[in-house]
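Step one of this worksheet: look at the structure below.
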Amino acid sequence: MNDVTMLLRARHRITDEKPDDFTVTTQARQALAKGGLRPDVARAVVGNVSGLDKVTLEQLGKTLDRATRTMTALLAGIAAVSLLVGGIGIMNIMLLSVTERTREIGVRRAVGARARDVRSQFVLEAMTLSVTGGVVGVCLGLVVASGLSRYLHWSTTISPGAVVVSVSVAAAVGIFFGWYPARQAARLDPIQSLRYE
29 MNDVTMLLRA RHRITDEKPD DFTVTTQARQ ALAKGGLRPD VARAVVGNVS
79 GLDKVTLEQL GKTLDRATRT MTALLAGIAA VSLLVGGIGI MNIMLLSVTE
129 RTREIGVRRA VGARARDVRS QFVLEAMTLS VTGGVVGVCL GLVVASGLSR
179 YLHWSTTISP GAVVVSVSVA AAVGIFFGWY PARQAARLDP IQSLRYE
């Protein structure tokens, strides 16, 4: 089998660092692809081994599906915790911003800004902060995926839909966690805010 592989690599002019652009298939692999490897075929290929069971592609597929679902659930949990921590961080930053800009809020309210104008400003700032973080995260993810793809010779596909969903979720997190600080800013009394030092 190695001789055949070496001959085909030479024929296809494949250098040492590049992967094969072909597949060498034995009769055992063909039998497995057709629905399973019967114990008698397995014994003929592997030798006299007792206790060999038939493994079908369907069984193998179910096992892979279970593993994929488990990994997806684990990654979703990690992502949810990350979003929660990031959202709390945004909320704290915006609350600090409201405190530091109390006088500015008072001036805006004194010259005619409505409470909803102030609220919209702070929600927009929180969303901008969150979306910026989301875009930076997506860009870093693309760079890491590209680097791993080149280094490990994996083929990676980037779904534009996943990128849009990621940025949209970042915007939603910014709006959700920015709402409370924005509401606090909108509720400030303009007179008290102007006196704030």
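Numbering (the numbering used here), first residue to last: 29 to 225.
We treat Cβ as the ideally placed atom computed from N, Cα and C, and that holds for glycine.
request  = Mind checking which residues open and close the alpha helix (DSSP H) that includes residue 204?
outcome  = Translated into positions along the sequence shown, residue 204 becomes position 176. Taken as a continuous stretch (DSSP letters only), the alpha helix (DSSP H) holding residue 204 covers 188-214.
query = Can you name, in chain order, every residue of its own chain whose Cβ lies under 8 Å from the Cβ of residue 156, other than the five neighbours on each side?
reply = The residue you call residue 156 lines up with position 128 of the sequence shown. Taking residue 156 as the centre and dropping the five residues before and after it, the same chain places the C-beta of 202 closer than 8 Å to its C-beta, in chain order.
message = According to DSSP, simplified to helix, strand and coil, what is residue 41?
response = If you number the sequence shown from 1, residue 41 lands on position 13. Looking at residue 41 - three-state DSSP - the assignment turns out to be coil, as it is neither helix nor strand.
ask   = Roughly how many angstroms separate the alpha carbons of residue 121 and residue 129, rounded to a whole number?
value = Position 93 of the sequence shown, counted from the first residue, corresponds to residue 121. Position 101 of the sequence shown, counted from the first residue, corresponds to residue 129. So the alpha carbons of these two residues sit roughly 12 Å apart.
task = Name the residue from 193, 220, 174 whose alpha carbon lies nearest to the alpha carbon of residue 184.
result = The residue you call residue 184 lines up with position 156 of the sequence shown. Of the residues 193, 220, 174, the one whose Cα lies closest to the Cα of residue 184 is 174.
message = So, with DSSP's three-state summary, where would you put residue 46?
response = Start at 1 with the first residue of the sequence shown, and residue 46 comes out as number 18. Here residue 46 sits in coil by DSSP.
ask   = If you drop the 5 nearest sequence neighbours on each side, which residues of the same chain put their C-beta closer than 8 Å to that of residue 194?
value = Here the question's residue 194 lines up with position 166 in the sequence shown. Cβ-Cβ distances below 8 Å link residue 194 to 162, 165, 166 in the same chain, with the five nearest sequence neighbours on each side left out; the list follows chain order.
request  = Compute the beta-carbon to beta-carbon distance between residue 222 and residue 134, rounded to the nearest angstrom, for a pair I have assumed lies under 8 Å.
outcome  = To locate residue 222, count along the sequence shown from 1; it is residue 194. To locate residue 134, count along the sequence shown from 1; it is residue 106. With 8 Å as the limit, residue 222 and residue 134 qualify as a contact, their Cβ atoms being about 4 Å apart.
ask   = Beta carbon of residue 154, beta carbon of residue 206: below 7 Å?
value = Along the sequence shown, one-based indexing puts residue 154 at 126. Along the sequence shown, one-based indexing puts residue 206 at 178. The criterion of a C-beta distance shorter than 7 Å is satisfied by residue 154 and residue 206.
task = Please determine, among 40, 160, 186, 108, the residue with the shortest C-alpha to C-alpha distance to residue 171.
result = On the sequence shown, residue 171 is found 143 positions in, with the first residue counted as 1. Comparing Cα positions, the closest option is 186.
task = Could you tell me the boundaries of the alpha helix (DSSP H) in which residue 145 lies?
result = Taking the first residue of the sequence shown as position 1, residue 145 is located at position 117. From DSSP, the alpha helix (DSSP H) with residue 145 extends over 143-180.
task = Check whether the Cβ atoms of residue 126 and residue 214 sit closer than 7 Å, and answer yes or no.
result = Start at 1 with the first residue of the sequence shown, and residue 126 comes out as number 98. Start at 1 with the first residue of the sequence shown, and residue 214 comes out as number 186. The Cβ atoms of residue 126 and residue 214 do not sit closer than 7 Å to each other.
message = In this structure, how does DSSP classify residue 130 when only helix, strand and coil are distinguished?
response = Here residue 130 corresponds to residue number 102 of the sequence shown, with the count starting at 1. Residue 130: helix per DSSP, three-state reduction.
request  = Can you tell me the Cβ-Cβ gap for residue 147 and residue 210, rounded? I've got them flagged as a contact below 8 Å.
outcome  = Numbered from 1 along the sequence shown, position 119 holds the residue referred to as residue 147. Numbered from 1 along the sequence shown, position 182 holds the residue referred to as residue 210. Residue 147 to residue 210, Cβ: 4 Å. Contact.
ask   = Which whole-angstrom value describes the C-beta separation of residue 158 and residue 199, a residue pair presumed to lie in contact below a C-beta threshold of 8 Å?
value = The residue labelled residue 158 in the question sits at position 130 within the sequence shown. The residue labelled residue 199 in the question sits at position 171 within the sequence shown. With a Cβ gap of about 6 Å, residue 158 and residue 199 count as contacting.
DSSP state of residue 221 mapped onto helix, strand, coil = Against the sequence shown, residue 221 aligns to sequence position 193. Residue state, collapsed to three classes: helix.
ask   = Does the Cβ of residue 137 have 16 or more other Cβ atoms within 10 Å, making it buried, or fewer, making it exposed?
value = Position 109 of the sequence shown holds residue 137. Buried is the call here.
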